[in-house]
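Take a look at the structure set out below.
Numbering (full-length UniProt numbering), first residue to last: 1 to 532.
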């Protein structure tokens with residue numbers, strides 16, 4: 001969108017149109033002068049302008065989850081960001097003196113028309129104030145008239161009335177400058193007496209209309225179109241009634257056909273639809289949340305499946321956040337240099353966390369290299385969701401450090417970094433099926449006479465043996481199994497690419513931190529109940 005802004009701006013300048021201006025610096029004085037004495041006019045030339053500016057506003061619904069009215073947080077965020085973008089003074093003056101642009105009659109190209117009414121009132125007040133001050137000065141200074149109290153009263157009254165009108169206007173501007181729209185809305189939402197009245201939404205709507213009119217004024221002033229882009233995220237982390245409130249706020253802001261708002265709603269429909277269906281906003285739509293979304297969203301865009309290059313970029317971005325690894329390498333080198341300079345020789349000791357941590361750094365880098373290598377089959381199994389990728393990247397260092405610590409620092413006795421990274425990916429992508437396989441493996445170990453070849457079995461063969469039992473428990477384990485990715489990829493992962501054995505699984509289970517062990521406990525109870 002920024003590239004489109006720059007392209008259109010350059011194209012408008014090539015056509016010979018006037019350069020856009022900004023309400024900052026000298027432009028602020030021009031904007032205040034036009035706000036006070038001129039009325040904007042939407043001409044044919046303005047409608048033909050192709051250059052535009054996007055004002056980006058990010059709204060994280062999770063930040064306002066504790067608010068009673070989440071939609072009020074959306075409106076206050078909108079007001080606050082527009083105030084910060086253009087400045088508090090132009091918006092405050094617009095509240096008192098500004099007016100919405102009117103459409104030109106005919107093909108006139110005049111974009112500014114003098115406010116004759118405002119000018120006459122201002123000159124009238126200044127004239128009356130000058131007359132009042134003159135009368136008062138005459139009554140106070142001219143000899144022979146000082147004793148006329150009536151003239152003093154008339155002069156004082158005239159000067160006071162005219163001066164008070166000017167002072168009231170200045171105080172109104174000062175009030176709007178000090179009390180922002182955000183504070184006004186917060187005051188309304190905090191008022192229990194007013195929140196239940198019918199005029200509550202009309203007050204909020206009035207504040208929004210002022211913002212819309214102000215944006216229309218600034219369009220004419222800046223000589224370009226303005227669009228406010230609100231990016232709404234983290235809505236799928238909120239309660240159902242809060243989700244419905246945000247949709248109602250969006251409908252309120254978009255109720256005006258000429259509203260300069262664009263909403264980018266970044267949500268997971270599989271989470272949002274049940275939230276909408278639990279609220280009362282589905283009446284008349286057969287309780288179908290997908291139908292409600294189809295009516296609310298005017299341009300649906302479902303992100304397509306992530307390609308191999310995009311997956312590697314996501315992994316690279318997540319790995320770059322692990323600055324602690326680079327810091328540990330540098331700190332370790334500095335410590336070795338200092339010990340060497342001082343002639344200190346460390347005595348051999350049992351490997352502790354410091355030694356293990358120093359040894360783990362190259363293992364962690366090797367595991368990350370396997371994840372980021374496009375030719376490695378492990379990169380094919382990475383999830384598309386960036387949050388899951390970051391979770392995998394954050395879990396691999398912990399898993400490798402725990403493996404090295406349990407092995408007493410002997411890296412040759414444990415699995416390879418690639419195998420450990422594959423195990424972390426397996427636990428993240430298929431927590432339900434992996435938990436079932438591990439539970440069946442644990443139950444077989446508790447048998448009185450375990451088979452001699454059980455430790456050499458592969459995890460995939462164990463899963464195949466008990467797949468029928470898992471299918472019978474599909475209903476009580478439905479929510480757990482819904483966490484898993486494609487079952488065919490699970491088969492390819494364990495049967496072909498990473499055939500973990502039962503012995504390796506037992507060793508890795510002790511250091512697995514990204515698998516909810518309560519899932520296995522639930523499966524163990526269901527298996528025990530089925531055997532009674």
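In this text, a Cβ means the ideal position worked out from N, Cα and C, and glycines have one as well.
Taking the Cα positions, residue 123 is about 12 Å away from residue 37. Residue pairing of residue 52 in beta bridges, as defined by DSSP: 225. Contact check for residue 267 against residue 74 fails: the beta carbons are separated by 8 Å or more. Inter-residue distance for residue 208 and residue 396 is about 48 Å (C-alpha atoms, whole angstroms). A Cβ-Cβ contact shorter than 8 Å links residue 520 with residue 435. Rounded to whole angstroms, residue 21 and residue 7 show a C-alpha spacing of 17 Å. Judged by DSSP secondary structure, residue 30 falls within the alpha helix (DSSP H) whose first and last residues are 26–37. Taking every protein chain shown into account, the CB of residue 289 has 16 or more other CB atoms within 10 angstroms, so this residue is buried. Check the Cα spacing between residue 233 and each of 241, 244, 264 and 205: the tightest is with 264. Shown here, residue 362 sits in a helix according to DSSP, grouped into three states.
Around the Cβ of residue 428, a 10 Å sphere holds 16 or more other Cβ atoms; the residue is buried. Rounded to whole angstroms, residue 485 and residue 433 show a C-alpha spacing of 10 Å. Under the 10 Å beta carbon count, residue 423 is surrounded by 16 or more other beta carbons and is classified as buried. In the three-state reduction of the DSSP assignment, residue 76 falls in the helix class, which pools H, G and I.
Residue 396: member of the alpha helix (DSSP H) spanning 386–406, first to last residue. Per DSSP, the continuous alpha helix (DSSP H) segment holding residue 423 begins and ends at 417–429. Excluding its 5 nearest sequence neighbours in each direction, residue 214 has C-beta neighbours in its own chain below 7 Å: 91, 94 and 98, listed in chain order.
Taking a cut-off of 8 Å for Cβ pairs, the region 101–114 and the region 26–42 touch, as three or more such pairs fall below it.
Check the Cα spacing between residue 366 and each of 313, 310, 420 and 380: the tightest is with 420.
Of 180, 242 and 302, the smallest CA-CA separation from residue 277 is found for 242. Burial of residue 219 is indicated by the presence of at least 16 other C-beta atoms within 10 angstroms of its C-beta.
A direct Cα-Cα distance of roughly 21 Å separates residue 389 from residue 403. Residue 262: not part of any alpha helix (DSSP H); member of the beta strand (DSSP E) spanning 261–265, first to last residue. The beta carbon of residue 60 lies closer than 6 Å to those of 233 and 234 in the same chain, with the five residues before and after it left out. In the structure shown, residue 103 adopts extended strand secondary structure according to DSSP, grouped into three states.
Using a C-beta cut-off of 8 Å, the region 376–385 makes contact with the region 289–308, since at least three inter-stretch Cβ pairs fall below that distance. Residue pairing by DSSP places residue 40 opposite 112 in a beta bridge.
At the C-beta level, residue 271 and residue 236 come within 8 Å of one another. The continuous stretches of alpha helix (DSSP H) do not include residue 20, and DSSP gives it neither H nor E. Under the DSSP assignment, residue 502 falls in the alpha helix (DSSP H) whose first and last residues are 502–509. Secondary structure at residue 471: helix, using DSSP grouped into helix, strand and coil. Distances from the alpha-carbon of residue 101 to those of 482, 179 and 221 put 221 closest. Across the structure, residue 227 and residue 55 are spaced so that their CA atoms are roughly 6 Å apart. The secondary-structure analysis by DSSP pairs residue 279 with nothing; it has no beta-bridge partner. Residue 250 holds the alpha-carbon nearest to the alpha-carbon of residue 205 among 170, 250, 173 and 496. Less than 8 Å separates the beta-carbon of residue 57 from that of residue 78.
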